[in-house]
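For the sequence shown, the working numbering assigns the number 734 to the initial residue and increments by one for each residue that follows.
To start, the structure itself, in structure tokens.
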Amino acid sequence: MSFNIFHHQSQTLAGGCASGFNHVKPNEYRPRLLLFHSVDRKNMELIEVPFSRRSLDSTDVFILDMGTEAYQWNGRGCTKEEKFKASQFLQQLESDRNGRCKTEVTDEDGSEEHKKFISLLPDVAIEKKVEQKIGKKVIYRVSDESGKMEISLVCENALPKASLTENDVYLIDSGQSLFVYIGVKCSRREKLDALSHAHDYLQKTDHPFAPITVVSNNRKSKELDKLLE
Numbered sequence: 734m735s736f737n738i739f740h741h742q743s744q745t746l747a748g749g750c751a752s753g754f755n756h757v758k759p760n761e762y763r764p765r766l767l768l769f770h771s772v773d774r775k776n777m778e779l780i781e782v783p784f785s786r787r788s789l790d791s792t793d794v795f796i797l798d799m800g801t802e803a804y805q806w807n808g809r810g811c812t813k814e815e816k817f818k819a820s821q822f823l824q825q826l827e828s829d830r831n832g833r834c835k836t837e838v839t840d841e842d843g844s845e846e847h848k849k850f851i852s853l854l855p856d857v858a859i860e861k862k863v864e865q866k867i868g869k870k871v872i873y874r875v876s877d878e879s880g881k882m883e884i885s886l887v888c889e890n891a892l893p894k895a896s897l898t899e900n901d902v903y904l905i906d907s908g909q910s911l912f913v914y915i916g917v918k919c920s921r922r923e924k925l926d927a928l929s930h931a932h933d934y935l936q937k938t939d940h941p942f943a944p945i946t947v948v949s950n951n952r953k954s955k956e957l958d959k960l961l962e
């Protein structure tokens, strides 16, 4: 999935939530609940939240992604920007899945559509996060320069900024979170497969549910800047 529809921002998806729809059968897709929240006038957070109706908040917008169906839920107190960005994301889902995903938008207004949306989410308690152990810091390079896609270790136990170039994609693992840095000159294939590689990488670590943040198009990320040396 392309994330260029978002401006001046990065994205955070918990649990290695890659857009791997093309890598699984539609009916086997793991349902997810996504929160759209305005941080300020220029920044929007996109975060996967616990799959429960108790995650819903009237001040934000949520998308329920079921694989072959996706629903946008607009809380009564959400902003126009949150609605707009969520609708763009919904349209992108439909496009990326080649018409195999039906989409629907509903407001928090007590309508039948609203009730249907709520019924699709289980009414379960939200578990408190367990503090994760900090893993090893590493940077991997994702490149198809040789003619085939290769993932190679760049460095470990340190995250030097000088190791990044604009020609490839990099997986920057802080031990608690994963950043996907998409260079402005990387190939189309590298860009399209970036999140899928990030998801696969996390599944092989001791922190498979670490949040993923995508940084692309030469945009700045304060969190990533703090990590890089």
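Quick reminder that beta carbons are idealized off the backbone N, C-alpha and C, glycines included.
Start and end residues, beta strand (DSSP E) containing residue i
{"i": "F912", "result": "911-915"}
Cα-Cα separation, residue i to residue j
{"i": "S876", "j": "E802", "result": "33 Å"}
{"i": "V794", "j": "F769", "result": "5 Å"}
{"i": "E783", "j": "L766", "result": "A small fix is needed here, since residue 783 is Pro in this sequence, not Glu. Their backbone Cα atoms lie some 7 Å apart in a straight line."}
{"i": "C919", "j": "I884", "result": "14 Å"}
{"i": "N900", "j": "D958", "result": "19 Å"}
{"i": "C811", "j": "T839", "result": "13 Å"}
{"i": "Y934", "j": "F850", "result": "33 Å"}
{"i": "A891", "j": "K818", "result": "35 Å"}
{"i": "T946", "j": "H847", "result": "30 Å"}
{"i": "C834", "j": "P893", "result": "41 Å"}
{"i": "L925", "j": "D829", "result": "11 Å"}
{"i": "S791", "j": "E845", "result": "17 Å"}
Identity of the residue in the options nearest residue i by Cα
{"i": "P941", "options": "S910, E923, L957", "result": "S910"}
{"i": "K869", "options": "T938, S791, L961, M799", "result": "T938"}
{"i": "R952", "options": "R809, F912, L928", "result": "F912"}
{"i": "L797", "options": "D926, L854, E923, A858", "result": "L854"}
{"i": "R922", "options": "L960, E878, Q821", "result": "E878"}
{"i": "F822", "options": "K813, R833, Q805", "result": "Q805"}
{"i": "Y943", "options": "I780, S771, P764", "result": "According to the sequence provided, residue 943 is Ala. The question's Tyr does not apply to it. Ranking I780, S771, P764 by Cα distance to A943 puts I780 first."}
{"i": "P764", "options": "G843, K881, R874, G800", "result": "G800"}
Extent of the continuous alpha helix (DSSP H) to which residue i belongs
{"i": "S896", "result": "Per DSSP, S896 belongs to no alpha helix (DSSP H) and is neither H nor E."}
{"i": "E837", "result": "Segment 835-840 is the beta strand (DSSP E) holding E837; no alpha helix (DSSP H) there."}
{"i": "I851", "result": "845-852"}
{"i": "A819", "result": "813-829"}
7 Å CB neighbourhood of residue i in its chain, flanking five on each side removed
{"i": "K816", "result": "V794, N807"}
{"i": "S896", "result": "I872, V887, C888"}
{"i": "S771", "result": "M777, T812, E814, E815"}
Cβ neighbours of residue i in the same chain (closer than 6 Å, five flanking residues each side left out)
{"i": "D856", "result": "R786"}
{"i": "S966", "result": "Absent from the structure is residue 966, since the part of the chain shown begins at 734 and ends at 962."}
{"i": "V757", "result": "Below a pLDDT of 50, predicted positions are generally treated as unreliable, and V757, at 48, falls in that range; no measurement from the model is reported."}
{"i": "N755", "result": "Any reading at N755 must be qualified, since the residue scores a pLDDT of 44, below 50, and its modelled position is unreliable; no value is offered."}
{"i": "P759", "result": "Caution applies to P759, whose pLDDT of 48 falls short of 50 and renders its modelled position unreliable; the value that the coordinates give is listed next. G800, T801, R833, listed in sequence order."}
Segments assigned beta strand (DSSP E), at least 3 residues, entirely inside the region 904-958: 911-915, 945-948
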